[in-house]
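Asks: According to my numbering, the sequence shown is numbered sequentially starting from 1123. We treat Cβ as the ideally placed atom computed from N, Cα and C, and that holds for glycine.
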Amino acid sequence: MRTEISVKKVRGQFVQQVEEISGQDLLACNQCGKCSAGCPIVGTMDILPSQILRMTQLGMEDALDSNTIWICASCLTCVARCPKGVDLPRLMEALRQIALRQGITRLDLKELPPALLRELPQLAIIGGCRKYMR
Ligand code: SF4
Ligand code: SF4
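#1: Contact defined as beta carbons within less than 8 Å: I believe R1288 pairs with Q1146. What is the distance between those atoms, to the nearest angstrom?
#2: To the nearest angstrom, how far is it from the Cα of V1137 to the Cα of Q1173?
#3: Going by the beta-carbon positions, is the gap between I1163 and A1185 smaller than 9 Å?
#4: Taking only three categories from DSSP, how would you classify S1172?
#5: Mapping DSSP to helix, strand and coil, what is M1177?
#6: Kindly examine ligand 1 and report whether one of its heavy atoms sits closer than 8 Å to the Cβ of Q1244.
#7: With distances taken Cα to Cα, identify the nearest neighbour of L1217 among P1235, C1194 and L1239.
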């Protein structure tokens, strides 16, 4: 079960994979919440950035189901505020990479209205494909 917490999960492959891809020491976070308090788009997220970090510390792969990892704009506000030097955007990127490798995607170009596709700058389309698709 994904929500179950255990020593095996905390020391498991998911946590190791996130740390390897992100380059972050997840246990450095002391859950002070400054990142969530300062995030400019936290109101659109279903789980707070600090909660995503906590879930990942505990090996809870449910973090991959959150819209937070896709909404994060990598604005670095949380990085500037974090007293423990944790780079949350790198964590979010690692979680997106793992989700994409599992086949979870957030963008289907075929579902975008043709009129919108014609109007969008090519850079925005390419950036969106890189972030949201395999
Ligand atoms: S600001 Fe840093 S230490 Fe505090 S909760 Fe966020 S990631 Fe953890
Ligand atoms: S990098 Fe992401 S989580 Fe951090 S403040 Fe910006 S939008 Fe929020």
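Replies: Judging by the given coordinates:
#1: Residue numbering for the chain in the displayed model covers 1123 to 1256; residue 1288 lies beyond these limits and cannot be assessed.
#2: 15 Å
#3: no
#4: helix
#5: helix
#6: no
#7: C1194
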